[in-house]
Each structure stands twice: as structure tokens, then as C-alpha cells.
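Visitor: Let me begin by handing over the structure; questions about it come next.
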Amino acid sequence: MHLRGLVDFIAPDADAVCLDSACGTGIVARALAPRVRHVTALDTTPEMLAQGKAQADAEGVANVVFQEGDAARLPFPDDSFSLVVTRFSLHHVASPERVAAELVRVCRPGGRVVVADMVARPELPGDADRLERLRDPSHGTLLTVEHITGLLTSAGATAGPSDVFDVERPLAPWLEQSLTPEDTARAIERELAEELDGGPATGLRPLRRDGALWFTQTWAHLSVRAAA
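Numbering of the sequence shown is given in my numbering, commencing with residue 11 and proceeding in unit increments.
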């Protein structure tokens with residue numbers, strides 16, 4: 011559902027030449043493929059690229075190329091793509107400003123850069139990053155919408171539409187997805203349960219639904235346009 015919402019937000023042109031940077035297994039690349047001319051899916055992890063290519067082949071997707079590379083040093087000339095996308099990458103990287111600058115650099119004049127990510131809500135109590143890192147040590151720091159937009163506009167792009175929304179998620183599948191060790195998973199579960207019982211805020215805004223623990227993240231889709 012959320013992936014479909016992202017593709018609808020992007021609303022790509024049928025003739026678009028796209029980059030999905032830090033693509034993981036190319037989930038976004040494969041979702042965009044039926045609606046664009048070509049997609050390059052780039053990631054640093056060969057195993058994830060191989061998994062994505064196998065899935066694309068199984069789905070009969072023929073217009074996606076999977077390529078190994080670093081989002082902070084994209085192996086492409088300036089102005090290579092009319093649409094540049096990254097999803098759930100900036101909160102993992104050590105230098106989000108470098109990644110943002112590279113996204114803008116490889117976008118053609120007048121083209122679009124779209125960032126989809128979880129974002130920080132500093133006005134809310136608690137430190138969501140702490141439990142995010144406990145669950146997944148590769149998690150870095152959540153950025154605010156304003157911070158991400160500022161990184162892109164500082165690189166020369168012009169701010170465009172955005173969509174910011176809360177997502178409620180069941181806790182158990184989230185912990186299983188990251189292969190969180192059992193003792194760590196139980197510690198996270200205890201903290202969320204304690205917050206619901208009046209304990210300290212975790213930043214994950216827990217709730218109970220049908221007896222199960224859920225939590226809340228804020229996600230954002232941000233669009234900017236490269237200078238013409």
C-alpha cells in the first residue's frame with residue numbers, strides 16, 4: 011500500500027530515465043519499471059542486487075539494470091537521469107549531505123529528485139533513534155523534513171511538493187524483519203509496554219491493537235526539482 015502511494019506521489023513520466031539510489035533489492039525500481047522507460051537500480055551490497063535481479067527476472071521486468079555502487083559517490087556523469095529516487099537510505103548513511111548532493115548532481119536540469127524516508131519529530135517526547143538502533147545497528151539518525159529539504163536545496167534544487175504522514179506498524183513483524191536478537195526484541199517490547207503503562211516516552215508512540223503491540227513512525231515523501 012505504501013509503495014503504491016510512493017509511486018503515485020512520484021507520478022513518473024512514461025519516458026523517464028530513472029535512478030533508484032541505495033535501492034536494496036530494488037523494490038522501488040521494480041515498482042517504477044512499468045511506468046517509465048528505464049531504471050538503474052544501484053546499491054553497495056551485491057547480495058541484495060542479486061536478489062533484486064532474480065525477483066525482476068521472475069516478474070518479467072526487462073527495463074531495470076542492477077548496478078553496484080556507492081550512493082555517496084555515484085558512478086554516473088552529471089545530468090544522467092530525469093528522475094532520481096531514494097527510499098529509506100538517508101537515515102542509514104554517515105554523510106546524508108553527500109548523498110543528497112549526489113542525487114541532485116546526477117539529475118538532469120528540470121528533472122526531479124524524490125526522497126522517501128522515515129523522519130524525525132523533535133517536538134515529540136522520547137528518542138526514537140535509540141530504539142531504532144537497538145533494533146537495527148545499521149540505523150543512523152532520523153532527519154527532519156526541513157533538514158532533508160535543506161540538504162537538497164543547498165545542492166541546487168528547488169523545493170517541490172511533499173507528503174508527510176504517520177504509519178502505525180505491528181511490532182513483532184518489524185523486529186523479525188531485522189533479525190533482532192530475542193533478548194533485544196524483548197527489551198524493546200518491554201519499553202513500549204511500560205510507556206503505555208505510564209512509563210518514559212520511547213519516541214515510538216506505542217499502541218495496542220487486538221492485544222498486540224504496535225508503534226508509530228512518521229514517513230515523508232519529498233520532491234525537489236533540479237535547476238533548469
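Yeah, the Cβ is synthetic: ideal placement off N, Cα and C, and Gly gets one too. Computed from a predicted structure; not experimentally measured.
For Thr-159, count neighbouring Cβ atoms within 10 angstroms of its own Cβ and tell me buried if that reaches 16, exposed if not.
Guide: As a working mapping, residue 159 is identified with position 149 in the sequence shown. Buried, because 16 or more other Cβ atoms sit within 10 Å of the Cβ of Thr-159.
Visitor: Can you give the beta carbon distance from Ala-292 to Leu-13, rounded, assuming they're within the 8 angstroms contact cut?
Guide: Residue numbering for the chain in the displayed model covers 11 to 238; residue 292 lies beyond these limits and cannot be assessed.
Visitor: On the criterion of 16 or more Cβ atoms from any shown chain inside 10 Å, does Ala-60 qualify as buried, or is it exposed?
Guide: Counting from 1 along the sequence shown, the entry for residue 60 is found at position 50. It counts as exposed.
Visitor: In the DSSP assignment, what are the bridge partners of Phe-91?
Guide: Working through the sequence shown from its first residue, we reach residue 91 at position 81. DSSP output for Phe-91 lists Cys-117 as bridge partner(s).
Visitor: Taking a contact to mean a Cβ-Cβ separation below 8 angstroms, would you say Val-74 touches Gly-34 in this structure?
Guide: On the sequence shown, residue 74 is found 64 positions in, with the first residue counted as 1. On the sequence shown, residue 34 is found 24 positions in, with the first residue counted as 1. No, Cβ-Cβ distance for Val-74 and Gly-34 is not below 8 angstroms.
Visitor: Of all the options Gly-120, Ala-72, Ile-20, Gly-70, which has the alpha carbon lying nearest to the alpha carbon of Ala-238?
Guide: Counting from one through the sequence shown, the residue named residue 238 turns up at place 228. That would be Gly-120, whose Cα lies nearest to the Cα of Ala-238.
Visitor: Can you name the start and end residues of the alpha helix (DSSP H) that Val-155 belongs to?
Guide: The residue you call residue 155 lines up with position 145 of the sequence shown. Segment 155-164, the alpha helix (DSSP H) holding Val-155.
Visitor: Take Arg-45 and list the residues in its own chain whose beta-carbon comes closer than 6 angstroms to its own, dropping the five residues that flank it on each side.
Guide: For this step, residue 45 is matched to residue 35 along the sequence shown. Counting only Cβ-Cβ distances below 6 angstroms, and skipping sequence neighbours, we find Pro-22.
Visitor: Rounded to whole angstroms, what's the CA-CA distance from Ala-43 to Phe-98? Just pull it up for me.
Guide: Numbered from its first residue, the sequence shown carries residue 43 at position 33. Numbered from its first residue, the sequence shown carries residue 98 at position 88. Each residue's Cα considered, the two are about 19 angstroms apart.
Visitor: Please report how far the alpha carbon of Leu-16 lies from the alpha carbon of Leu-29, in whole angstroms.
Guide: As a position in the sequence shown, residue 16 is number 6, starting the count at 1. As a position in the sequence shown, residue 29 is number 19, starting the count at 1. Taking the straight line joining both Cα atoms gives about 15 angstroms.
Visitor: What three-state label does DSSP hand His-231 in the structure shown?
Guide: By 1-based counting over the sequence shown, the position of residue 231 is 221. Residue state, collapsed to three classes: strand.
Visitor: In whole angstroms, what is the alpha-carbon distance linking Met-128 and Ala-72?
Guide: The sequence position of residue 128 within the sequence shown is 118, counting from 1. The sequence position of residue 72 within the sequence shown is 62, counting from 1. Those two C-alpha atoms are separated by around 30 angstroms.
Visitor: Let's test the definition: count the other Cβ atoms within 10 Å of the Cβ of Thr-228 and tell me whether it reaches 16, buried, or not, exposed.
Guide: Within the sequence shown, residue 228 is the residue found at index 218, counting from 1. Per the 10 Å Cβ criterion, buried.
Visitor: Ala-169 by DSSP, collapsed to three states: which one?
Guide: Start at 1 with the first residue of the sequence shown, and residue 169 comes out as number 159. Note: Ala-169 maps to strand in three-state DSSP.
Visitor: Is it right to say Ser-92 is buried, meaning 16 or more other beta carbons lie within 10 angstroms of its own, or is it exposed?
Guide: As a position in the sequence shown, residue 92 is number 82, starting the count at 1. When all chains shown are included, Ser-92 counts as buried.
Visitor: Can you tell me the Cα-Cα spacing of Ala-26 and Asp-207, whole angstroms?
Guide: Position 16 of the sequence shown, counted from the first residue, corresponds to residue 26. Position 197 of the sequence shown, counted from the first residue, corresponds to residue 207. Spanning the two alpha carbons is a distance of roughly 51 angstroms.
Visitor: One question on the structure: do Thr-226 and Glu-178 come within less than 8 angstroms of each other, judged by their Cβ atoms?
Guide: Reading the sequence shown from its first residue, position 216 is the one you call residue 226. Reading the sequence shown from its first residue, position 168 is the one you call residue 178. Yes, these two residues count as a Cβ contact at 8 angstroms.
Visitor: For Pro-135, which of Pro-210, Leu-141, His-157 has the nearest alpha-carbon?
Guide: One-based indexing of the sequence shown puts residue 135 at position 125. When each option's Cα is compared against that of Pro-135, the closest is Pro-210.
Visitor: With DSSP as the reference, label His-48 as helix, strand or coil.
Guide: In the sequence shown, the residue the question calls residue 48 occupies position 38. Correct three-state label for His-48: strand.
Visitor: Taking Asp-139 as part of the alpha helix (DSSP H), name the residues at either end of that continuous run.
Guide: Taking the first residue of the sequence shown as 1, we reach residue 139 at position 129. It spans 138-145 - the alpha helix (DSSP H) in which Asp-139 sits, taken as one unbroken run.
Visitor: What is the DSSP secondary structure of Ala-68, reduced to helix, strand or coil?
Guide: Along the sequence shown, one-based indexing puts residue 68 at 58. In this structure, Ala-68 counts as helix in the three-state DSSP scheme.
Visitor: Between Leu-161 and Pro-85, how many whole angstroms is the CB-CB distance? I'm expecting something under 8 angstroms.
Guide: Within the sequence shown, numbered from 1, the residue matching residue 161 stands at position 151. Within the sequence shown, numbered from 1, the residue matching residue 85 stands at position 75. With 8 angstroms as the limit, Leu-161 and Pro-85 do not qualify as a contact, their Cβ atoms being about 21 angstroms apart.
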